[in-house]
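Chains as they are written, first to last, in our numbering: chain A, 1 to 281; chain B, 282 to 598.
Backbone N, C-alpha and C fix where the C-beta goes; we use that ideal spot for every residue, glycine too.
Notes for the one structure printed next.
This is how it looks when you write it as structure tokens:
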């Protein structure tokens with residue numbers, strides 16, 4: 001089977017994982033998770049250079065930081081299926097005594113996670129710090145991060161965006177999940193952020209847009225293009241245009257499923273639209 | 282008094298000297314500063330280790346996050362800014378990215394308390410000990426003089442986990458031995474006594490020694506304990522002392538809500554109920570003035586400690 005089809009199967013299985021995880025505990029954030037399935041699969045299975053096993057310091061490998069921690073379902077699914085922890089552990093999402101907390105954390109020792117996130121706007125600073133450590137260690141690997149678009153309303157991001165270009169943190173690729181939705185509605189309604197490409201460029205970043213953020217090949221191509229721009233004196237930003245709730249028709253193009261779980265009937269419809277590929281956990 | 286002032290010096294210079302030494306001895310140590318290099322006395326560290334210094338500008342939230350990230354890769358980051366901007370301004374960044382994430386960041390905070398002086402209440406934080414001690418896993422240290430601050434700075438590099446190190450602006454008595462080993466969580470017995478226990482932290486330690494001297498002329502024997510580590514608190518040292526003296530005065534340059542006094546009260550209430558008086562600010566903001574004027578007005582000097590001792594002795598059974 002060609003690699004792309006294998007990855008596409010992973011994407012579809014990830015969508016099933018997301019739906020089943022949030023359905024079981026009747027909580028969690030399926031919308032943004034579904035929208036980023038292609039990004040996570042591409043990153044962890046095609047783009048990043050990763051060592052075997054998990055070491056917090058991540059010397060000699062690429063690193064990823066999830067800033068918008070509420071999309072933990074997609075993160076957990078992809079980490080598990082990449083081998084960081086048993087896939088069956090996805091069964092424990094949001095349950096008492098679980099390593100799979102509602103928002104990702106290092107506190108319970110879940111392999112693959114290097115920072116807690118959930119309170120928004122903090123991940124880019126952390127990613128910059130990790131990128132600076134890589135430079136100090138003469139470690140030629142890349143630091144990736146993912147941020148929600150609504151999350152950019154948090155001011156700390158702009159401190160970090162200013163710092164990264166001002167200090168030539170050019171081993172960093174920060175991706176913004178541009179789905180245009182947040183809890184209370186469209187980002188343009190809640191707090192318009194204007195032209196993000198122009199804003200990042202004005203702050204001295206190298207910006208590229210991936211218009212089809214739910215097309216696996218486009219995402220892979222975009223990430224490869226971003227990689228090619230590493231080490232040229234500027235941090236790199238990918239504006240990833242995605243659809244919240246992608247792959248489940250009734251969840252798409254609305255903020256309604258940002259933080260709401262499907263009921264039994266809705267789950268059945270969602271799973272029907274995403275047939276099992278690699279086996280459910 | 283068994284202690285002599287070796288010459289007034291500021292605790293922040295003790296921090297700077299500690300950083301200089303760490304720069305020479307520990308290659309993992311890196312420093313970050315939010316536009317206050319001179320105030321934090323970091324220039325020598327920077328001159329000697331320019332590649333290990335990060336000027337983040339006036340962006341404390343970003344500084345805390347970058348510090349957290351630098352630990353991933355094995356660095357030991359020391360952040361430097363005023364105490365107010367080291368804590369209240371960035372509380373959630375510290376809570377999530379550092380404390381909850383178990384990151385080995387040393388939050389080093391100068392200009393704590395009223396002795397910052399003329400800049401006034403916007404900069405005089407009196408709540409920082411409380412804010413920091415409430416965070417699970419956070420170690421909270423408030424050294425008393427130049428020598429102790431230098432020793433503490435060096436010691437916390439070898440402690441794995443987040444630390445809040447609080448020090449100040451003015452030149453104050455430098456009286457602890459220059460070579461005294463700093464043990465995190467270990468109280469220091471400065472002077473033994475039998476009638477009352479005085480436990481003090483930070484700038485109030487020297488005031489406690491002056492108070493004990495004054496009390497001695499009245500025939501009151503005060504035991505003076507230096508609590509430099511507010512969390513974890515040396516419960517045993519406090520309990521041992523009050524079992525002898527049966528009353529205690531706590532002294533700190535901080536609000537009585539959330540400070541050293543409350544931590545001591547928790548230990549005593551649960552293990553050995555003892556009359557206690559608090560020398561601390563009384564749930565108030567500060568104001569502009571000289572450090573001495575402010576410490577006088579807000580009841581944070583040796584006279585206030587003496588008065589508190591008189592009060593607590595009356596309550597002693």
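Residue from the options with nearest C-alpha to residue i
i	options	result
residue 396 of chain B	B:520, B:575, B:425 and B:470	B:575
residue 127 of chain A	A:270, A:195 and A:143	A:143
residue 540 of chain B	B:514, B:551, B:302 and B:524	B:514
residue 522 of chain B	B:549, B:394, B:407 and B:482	B:549
residue 210 of chain A	A:226, A:203 and A:48	A:226
residue 214 of chain A	A:57, A:246 and A:27	A:246
residue 179 of chain A	A:170, A:171, A:168 and A:147	A:147
residue 72 of chain A	A:36, A:223 and A:273	A:36
residue 168 of chain A	A:48, A:235 and A:52	A:235
residue 158 of chain A	B:344, B:566, B:304 and B:565	B:344
Cβ-based neighbour list, residue i, same chain, cut-off 6 Å, excluding 5 preceding and 5 following
i	result
residue 277 of chain A	9, 12 and 13
residue 207 of chain A	197, 200, 201 and 237
residue 559 of chain B	531, 537 and 542
residue 612 of chain B	Because chain B is modelled from 282 through 598, residue 612 of chain B falls outside the range shown and cannot be assessed.
residue 100 of chain A	76, 92 and 93
residue 161 of chain A	203
residue 248 of chain B	Residue 248 of chain B is absent from the structure shown; chain B starts at 282 and stops at 598.
residue 231 of chain A	170
residue 132 of chain A	none
Alpha carbon of residue i to alpha carbon of residue j, nearest angstrom
i	j	result
residue 390 of chain B	residue 438 of chain B	15 Å
residue 346 of chain B	residue 61 of chain A	21 Å
residue 293 of chain B	residue 116 of chain A	32 Å
residue 183 of chain A	residue 432 of chain B	49 Å
residue 98 of chain A	residue 299 of chain B	41 Å
residue 310 of chain B	residue 166 of chain A	23 Å
residue 181 of chain A	residue 68 of chain A	13 Å
residue 544 of chain B	residue 74 of chain A	43 Å
residue 191 of chain A	residue 154 of chain A	11 Å
residue 455 of chain B	residue 535 of chain B	21 Å
residue 149 of chain A	residue 106 of chain A	24 Å
residue 571 of chain B	residue 111 of chain A	53 Å
residue 327 of chain B	residue 367 of chain B	20 Å
residue 498 of chain B	residue 580 of chain B	21 Å
residue 418 of chain B	residue 46 of chain A	38 Å
residue 307 of chain B	residue 34 of chain A	45 Å
residue 376 of chain B	residue 471 of chain B	34 Å
Under 8 Å by beta carbon: chain B residues contacting residue i
i	result
residue 174 of chain A	The contacting residues do not exist; residue 174 of chain A stays about 13 Å from chain B at best.
residue 42 of chain A	Neighbours of residue 42 of chain A on chain B: none; closest Cβ ~23 Å, over 8 Å.
residue 253 of chain A	Correct list: empty, because the minimum Cβ distance to chain B is about 31 Å.
residue 107 of chain A	381, 382 and 383
residue 163 of chain A	337, 338, 340, 343 and 347
residue 181 of chain A	By Cβ distance, chain B contributes nothing, its closest Cβ being about 24 Å from residue 181 of chain A, past 8 Å.
Interface residues of chain B facing residue i [CB-CB closer than 7 Å]
i	result
residue 115 of chain A	349, 378 and 382
residue 230 of chain A	Correct list: empty, because the minimum Cβ distance to chain B is about 17 Å.
residue 57 of chain A	353, 354 and 355
residue 239 of chain A	Going along chain B, no residue has its Cβ under 7 Å from residue 239 of chain A, so there is no contact; the nearest lies around 21 Å.
Test item: CB-CB of residue i and residue j under 9 Å
i	j	result
residue 586 of chain B	residue 473 of chain B	no
residue 312 of chain B	residue 354 of chain B	no
residue 89 of chain A	residue 120 of chain A	no
residue 393 of chain B	residue 409 of chain B	yes
residue 440 of chain B	residue 420 of chain B	yes
residue 480 of chain B	residue 529 of chain B	yes
residue 262 of chain A	residue 113 of chain A	no
residue 430 of chain B	residue 296 of chain B	yes
residue 478 of chain B	residue 503 of chain B	yes
residue 491 of chain B	residue 423 of chain B	no
residue 129 of chain A	residue 118 of chain A	no
Cross-chain neighbours of residue i in chain A, by beta carbon under 9 Å
i	result
residue 316 of chain B	What residue 316 of chain B touches in chain A: nothing, since even the nearest Cβ is about 12 Å away.
residue 329 of chain B	Here the premise fails: no neighbours, minimum Cβ distance about 16 Å.
Contacts of residue i in chain A (Cβ-Cβ under 7 Å)
i	result
residue 465 of chain B	Result: empty, since nearest Cβ-Cβ is about 22 Å, beyond 7 Å.
residue 373 of chain B	119
residue 326 of chain B	Chain A residues near residue 326 of chain B: none, gap ~15 Å exceeds 7 Å.
Residues near residue i in its chain [Cβ-Cβ closer than 7 Å; skip 5 each side]
i	result
residue 78 of chain A	14, 40, 41 and 44
residue 386 of chain B	348, 349, 352, 358, 360, 379 and 443
residue 323 of chain B	297, 300, 312, 314 and 361
residue 597 of chain B	527, 528 and 556
Sequence-distant residues of the same chain with beta carbon closer than 8 Å to residue i, five excluded per side
i	result
residue 216 of chain A	4, 7, 8, 11, 38, 41 and 42
residue 50 of chain A	44, 61, 62 and 82
residue 321 of chain B	293, 296, 297, 314, 361, 362, 389 and 391
Within chain B, the residues that residue i reaches when beta carbons sit closer than 9 Å
i	result
residue 234 of chain A	Residues of chain B passing the Cβ test: none, with the nearest at roughly 18 Å.
residue 132 of chain A	311, 335, 347, 350, 351, 354 and 356
residue 31 of chain A	In chain order: nothing, as chain B lies at least about 22 Å away.
Contact list for residue i against chain A, beta-carbon separation under 8 Å
i	result
residue 442 of chain B	Result: empty, since nearest Cβ-Cβ is about 13 Å, beyond 8 Å.
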